[in-house]
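To start, the structure under review is shown below, and the notes come after it.
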Amino acid sequence: MHIGNSLVICRSLKCFVTYSLKIKKWYIINILKRVLMKILVVGTGAVASVLVKFLSKDKEVKKIVCGTNDLVRAKEFIPKMSKVSLVKLDASIIKQIEKNAKGMDLIINASLPYFNENIMKVALNVGANYQDLCSELKDLKTPEQLKYHQKFTRTNLKALINTGIAPGITNLLAGMANDIFDKIDEIHIRLLEEQKTSEFIFTWSPEIALNVEFTQPALSFQNRKFKLVAPFSGVENYDFPKIGNKYVFNL
């Protein structure tokens, strides 16, 4: 099969979240699998609470420890189950992470990407597999997690990085499309978050959304090279199937 001009990958946020969680679960159970896994989840926000809810229902998971800097608020979101517990944890302090990571099979950073390296170091120290949702990208283009590739390889541990929606599911969809078609000229990714509420609700970190996504240049891959483009540039009125026309832009 040949695709002429562009492949447009678009879904509503609901579809992306559902698919994302299924993919994450598949990776955790099939790639990082150890019998009756013990997992440390750093963070108890919107994404973390959904992850914990799904993981807590899995028979392969024996224990889930959720590390948070706000125990009171975390109790409102984290499911109350015998296999799930909460601990006070400051992800900026390696010793605190390490104290709660000993004996764990997998550590998931579901907090801010600023803590990726701290948690990766701990995972290596305690012999645990690692997963996160996105990169900090200090230079706006290089995932900081890649510098630990050789260390994880030597210790036979797995580190899955950027397993959120974008990056994450969008990468998988692009890869799947590449396997299907003989030739692809372009891949255009359109993400839509549709909220019908009188009050705006952040479905992920407000800090990253406001201080990073909305202010820093967006990374685009054009003509086989990465290129930085201005946030909110490239405005397009796109027709989302079953939803209708919505304005999209670079972020």
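So the mapping is simple: our numbering equals the position in the sequence shown, first residue as 1, plus 13. Glycine included, C-beta positions come from ideal geometry on N, C-alpha and C. Since the model is a prediction, treat every value here as computed from it, not as a measurement.
query: Counting along the chain, where does the alpha helix (DSSP H) carrying M94 start and finish?
result: Per DSSP, M94 belongs to no alpha helix (DSSP H) and is neither H nor E.
message: Assuming I237 is part of the beta strand (DSSP E), what are its boundary residues?
response: Per the sequence presented here, residue 237 reads as Arg, with Ile not at that position. Going by DSSP, R237 is part of no beta strand (DSSP E) at all; its letter is neither H nor E.
Nearest-angstrom beta carbon gap, M50 and K75 [assumed within contact, 8 angstroms]: Confirmed, Cβ separation roughly 6 angstroms.
- request: In the DSSP assignment, find the beta strand (DSSP E) that holds I192 and state where it starts and stops.
  value: Before going further, note that residue 192 is Asp rather than Ile in the sequence given. From DSSP, D192 is part of no beta strand (DSSP E) but of the alpha helix (DSSP H) over I182 to I193.
message: Does Q144 come out as helix, strand or coil in the three-state DSSP assignment?
response: DSSP places Q144 in strand when its eight states are reduced to three.
message: Just to confirm the assignment, what range does the beta strand (DSSP E) spanning T166 have?
response: Taken as a continuous stretch (DSSP letters only), T166 belongs to no beta strand (DSSP E), being part of the alpha helix (DSSP H) at H162 to R167.
Anticipated Cβ contact below 8 angstroms, G80 with L64, distance rounded: In fact, because the Cβ distance is near 13 angstroms, the residues do not count as touching under 8 angstroms.
- request: Would you please state the rounded distance, in angstroms, between the beta carbons of L146 and A123? I believe it to be under 8 angstroms.
  value: Contact check for L146 and A123: beta-carbon distance about 6 angstroms, within the 8 angstroms limit, so the pair qualifies.
message: Check for me: the beta strand (DSSP E) holding I121 runs from which residue to which?
response: According to the DSSP assignment, I121 belongs to the beta strand (DSSP E) that extends over L119 to N122.
- prompt: Beta-carbon separation of R203 and V261 under 8 angstroms?
  reply: Yes, they are a contact pair.
field: V248 - DSSP class collapsed to helix/strand/coil
entry: Coil.
- request: Pull up the distance between the alpha-carbon of I182 and that of F253, whole angstroms please.
  value: Cα-Cα distance, rounded: 18 angstroms.
DSSP state of L173 mapped onto helix, strand, coil: Looking at L173 - three-state DSSP - the assignment turns out to be strand.
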